[in-house]
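For what it's worth, the working numbering labels the leading residue of the sequence shown as 897, then goes sequentially.
Structure record follows, encoded as structure tokens.
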Amino acid sequence: MKDKKGTTNKFIWLIVGICVICLTILIVSCIIFSNRKDDVKKEKKDGGGVTLSYTDDINIFSLTNALPLTDAVGKTLDSADSYFDFTVESELDEASKIDYEIYIEKYGNTPTIKDEDIRIYLEKQNSGTFEEVLAPVSFTGLKAKDEFGTPRGAMVIYSDSVSNDKTENYRLRMWLSDTGIVNPGIPANYSVKVSIVGKAK
């Protein structure tokens, strides 16, 4: 009987010891878990990009010896040197969308046409037909570099957001306003450089 009682006592103490060990492990684990910092995972995205291409040799659009025109006439100019065609190709990689801005900035020597006398007009092709996306306006440059990176002095002529790979065609026209003053003996010249900047998100 003694041996049986001693064995029972040992068994009880063994169970108590195991419980104490398990409880200790549980408490320590809880303390460690509560003090553990959350993992911060940063995902670097290649995103995507936008590309501007054009049919001319360079991305410069110039007026030479311009004559004053009404907006109604300027919008319909169709000679080869009276408009500038370009294409914007958007390609997404890991980003969900790309926001972009098309902008122009004055180019070359000092123009002989005042900014307020120049007219800027932009169309975008939709189902084979060019449609107005920027009504005729005077050149107005930014007073500071914007969030996209368009530089100070440049003028944003169009902005868009795309969520899939896309190719879009644009046509830019520019003319001298019918209220613009042409100085005798001085050719009315004005040139702009067409550029694009985008952000993948």
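Note that the Cβ used here is the ideal one computed from N, Cα and C, for glycine as well.
> Rounded to the nearest angstrom, how far is the Cβ of I994 from that of V1058, given a contact under 8 Å?
Replying inline: Indexing the sequence shown from 1 puts residue 994 at position 98. Indexing the sequence shown from 1 puts residue 1058 at position 162. 5 Å between Cβ atoms; contact.
> Excluding five sequence neighbours on each side, which residues of the same chain lie with their C-beta closer than 6 Å to the C-beta of S949?
Replying inline: Position 53 of the sequence shown, counted from the first residue, corresponds to residue 949. Cβ within range, chain order: T983.
> For V1088, does the count of other Cβ atoms within 10 angstroms reach 16, so buried, or fall short, so exposed?
Replying inline: As a position in the sequence shown, residue 1088 is number 192, starting the count at 1. Residue environment: V1088 is assigned as buried (16 or more neighbouring CB atoms within 10 Å of its CB, all protein chains considered).
>> Quick check on F929: buried or exposed, where buried means 16 or more other Cβ atoms within 10 Å of its Cβ?
In response: Locating residue 929 in the sequence shown gives position 33, where the first residue counts as 1. Any reading at F929 is ruled out, since the residue's pLDDT is 41, under 50, leaving its predicted position unreliable.
> For E889 versus D1056, is the C-beta distance shorter than 8 Å?
Replying inline: Since the first and last residues shown for the chain are 897 and 1097, residue 889 lies out of range.
> Considering G970, what are the terminal residues of the beta strand (DSSP E) in which it resides?
Replying inline: To locate residue 970, count along the sequence shown from 1; it is residue 74. Taken as a continuous stretch (DSSP letters only), G970 belongs to no beta strand (DSSP E), being part of the alpha helix (DSSP H) at D967 to G970.
> How is D896 classed by DSSP in three states: helix, strand or coil?
Replying inline: Since the displayed the chain opens at 897 and closes at 1097, residue 896 lies outside it and no answer follows.
> Where I1092 and E1001 are concerned, what is the direct C-alpha to C-alpha distance, given to the nearest angstrom?
Replying inline: Taking the first residue of the sequence shown as 1, we reach residue 1092 at position 196. Taking the first residue of the sequence shown as 1, we reach residue 1001 at position 105. In this structure, the straight-line span from the alpha carbon of I1092 to that of E1001 is close to 11 Å.
> From I1016 to T1008, what does the alpha carbon distance come to, in whole angstroms?
Replying inline: In the sequence shown, counting from the first residue as 1, residue 1016 sits at position 120. In the sequence shown, counting from the first residue as 1, residue 1008 sits at position 112. Cα atoms of I1016 and T1008: separation of roughly 16 Å, rounded to the nearest angstrom.
>> Under 8 Å, with one C-beta from each stretch per pair, do the stretch 1025-1043 and the stretch 952-960 reach the 3-pair mark?
In response: No, they do not touch.
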